[in-house]
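Following our numbering, the numbering of the sequence shown begins with 10 at its first residue and continues without gaps.
Every residue gets a Cβ at the ideal spot worked out from N, C-alpha and C, and that includes glycine.
Computed from a predicted model, the values in this text were never measured in an experiment.
Contents: one structure, followed by commentary.
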Amino acid sequence: MNNGKICVSVCAETAEEMLEQIRRAEDSADVIEVRLDCLQPKQIHKAFAFLASKKPLLLTYRPKKQGGKAEDDLNNRKLLWIVFVLNGSLDTKKLWFDYEEDLTNLQKVSNPVTIRSYHDFSGTPENLSEIFGHLSAKSDVAKIAVQADDISDSIAVWKLLEKAQSENKQIIPIAMGEAGKWTRILGLAHGALMTYAALNAGNETAPGQISAQDLIDIYRVKELNEQTEIYGILGNPVSHSLSPFMHNAAFKARNMNAVFIPFEIKNLDEFIKRFVKKETREVKLNFKGFSVTIPHKQAIIKHLDSIDETAKRIGAVNTVKIVDGKLQGFNTDAPGFIEPLRNSYGDLCGAKVAILGSGGAARACVYALKKEGANVCVYARNLEKAENLAAEFEVELRELVITNDALRDFDILVNTTPLGMKGRFEMETPLRAAQIESVKLVYDLVYNPFETRLLKEAKSVGVPTIGGFAMLAAQGAAQFKIWTGEAAPVKEMSAAALRKLS
Ligand code: NAP
């Protein structure tokens, strides 16, 4: 446990809606931030008449230039505070206040907490230390929120935690945006007073904000401390990844002091140098392992101290384990792919398998199938690009133009293209029922949606199927085994990922 608080930010146009959101926030919040700037101007008077909660309310009237909705006019903003708050129209003992750094002449009132805040949505200014000094001189707490475009941009604001601790001051440091999400998850464990949360997904009041429920149930932010083992997914993008849900469920089920975080990383070299390698790192985080995804599966290899045979043969690493500061690379895509297939089909020796696509996942599939003794044929839309794969693994290569009887001689069809995946490909299928009715099994690596169009086509002609979720769960379980040496709580991991998918 740490001493940090979760502050749920509520934002509504009318006083009634605001009160309704306050009620909903009370279950998960330690403090509720009432964004007065969200209210229509006429509603502000009304809101003051009945703003109340069993939790402390943090009043904020954020101007547009600081990312809010209030007019920037300084005098108007001062007037609001003086007339409605400081003049005693509210019981200030039950309130916290957040004043922006430009509201210099407001007196500190006798309420529990006064926060002074600074927001920069364009990046991180050079003089962060100076800003911190200025804010903390006139308040109980300094809140500094800056935009991070890449994860390394978040280092400067994070380092203010050490400064605040050494000066015995309170700080809320936030790196905004997907790349700064980790600061919202780990802040409390490292001494931040609060972390801000959205009332629920879709109600975020700042970029990168996480819902209160996820902060509590998934990331368990109030249970973390400086000794917590940190795992995470390195990729770009990572916001849709199910790995944080699967792995955090596993850590929770095993009662481990560990957390799994989405790390959106553009520049992997900088991340490894400034966050991970003992000799060069600028932040002290207790990293123990990573999942690695697009586009870093190959690029991570040069940073490893060792790599296992499977990852080496495939030429891609999706799992890193850190032991005594040394990075060990593995690939669990291959075993994760083959396990459900073997369970469903049986012995794969001599099975004829057609693989659609020739990208990263296809490499893992081809490697795993060859190891089982299967006969593999890769169908690719770009033969030139796929030639290396075919030559390296000594498999047949054909152009991705499939007639109705082209697959008559095959036992298994595997789709490794993104066709059918949620988003722009969702309504597509690489093949239709008439093209696959002769095979014995269709395996689609796409896991979102749970049932793709290709799987529906297969079912319509009675062909058994395996969806990508089975591989996702199996490769995740294999990662857990590598990191902890113990069997994964597969049921809990799958249930957590499925909940997120549905
Ligand atoms: P990738 O490296 O980008 O490879 C994608 C392959 O699909 C490439 O060969 C590409 O051809 C081909 N392709 C792309 N769009 C196509 C289209 N419109 N028509 C025909 N072929 C097309 O991606 P990946 O890492 O292999 O991932 C591929 C899929 O597998 C994704 O949907 C991913 O989510 C899924 N996957 C699932 C799991 C799991 O655990 N279930 C694990 C890994 C991957 P070009 O080379 O010509 O571009």
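Only buried fits Asn-327, as 16 or more other CB atoms lie within 10 angstroms of its CB. Beta bridge pairing from DSSP links Met-185 with Gln-156.
If you draw a straight line from the Cα of Thr-237 to the Cα of Trp-492, it is about 14 Å long. Not one heavy atom of the ligand NAP falls within 7 Å of the beta-carbon of Arg-283. When Leu-336, Gly-324, Asn-245, Thr-192 are compared, the shortest CA-CA separation from Ile-219 is found for Thr-192. Note: Gln-30 is not bridge-paired with any residue in the DSSP secondary-structure output.
Excluding the 5 residues flanking it on each side, Glu-437 has same chain C-beta neighbours closer than 8 Å at Leu-428, Gly-429, Arg-462, in chain order. Nearest C-alpha to Thr-23 among Ala-377, Val-43, Leu-224, Asp-149: Val-43. Only residues of its own chain outside the window of five on either side were considered, and among them Tyr-127 have a CB closer than 6 Å to the CB of Ile-140, listed in chain order.
Rounded to the nearest whole angstrom, the C-alpha separation of Phe-254 and Leu-294 is 21 Å. Of the candidates His-54, Arg-407, Ser-18, Ser-18 places its Cα closest to the Cα of Asp-39.
According to the DSSP secondary-structure assignment, Tyr-205 is paired through a beta bridge with Cys-16. If you draw a straight line from the Cα of Val-448 to the Cα of Pro-246, it is about 35 Å long. Proximity to Gly-196 across Ile-421, Asn-11, Ala-395, Ala-467 peaks at Asn-11, based on C-alpha coordinates. Cys-386 is bridged by DSSP to Ala-363, Glu-405. Ala-79 has Pro-72 as its beta-bridge partners, per DSSP. Inclusion of Ala-389 and Ala-383 in the CB contact set at 8 Å is not warranted, their separation being larger than that value. The shortest CA-to-CA distance from Gly-359 to any of Asn-391, Asp-420, Leu-336 is the one to Asp-420.
Nearest Cα to Gln-488 within the set Ala-400, Lys-297, Val-166: Lys-297. Pairing Leu-208 with Ala-221 gives a Cβ-Cβ distance under 8 Å. Relative to Leu-357, the option among Asp-314, Glu-232, Leu-392, Leu-422 whose CA is nearest is Leu-422. In chain order, Ser-145, Asp-149, Val-150, Ala-151, Ala-173, Leu-202 place their CB closer than 8 Å to the CB of Gln-179, counting only its own chain and leaving out the 5 sequence neighbours on each side.
With a contact defined as Cβ atoms closer than 8 Å, Ile-475 and Pro-349 qualify at about 5 Å. Residues of the same chain with a CB within less than 7 Å of the CB of Leu-409, apart from the 5 flanking positions on each side, are Leu-365, Tyr-388, Ala-389, Arg-390 in chain order. Taking 7 Å as the cut-off, one finds no heavy atom of the ligand NAP near enough to the beta carbon of Leu-378.
Lys-330 carries a strand assignment under DSSP once its states are collapsed to helix, strand and coil. Val-385 is a Cβ neighbour of Leu-378, given a cutoff of 8 Å.
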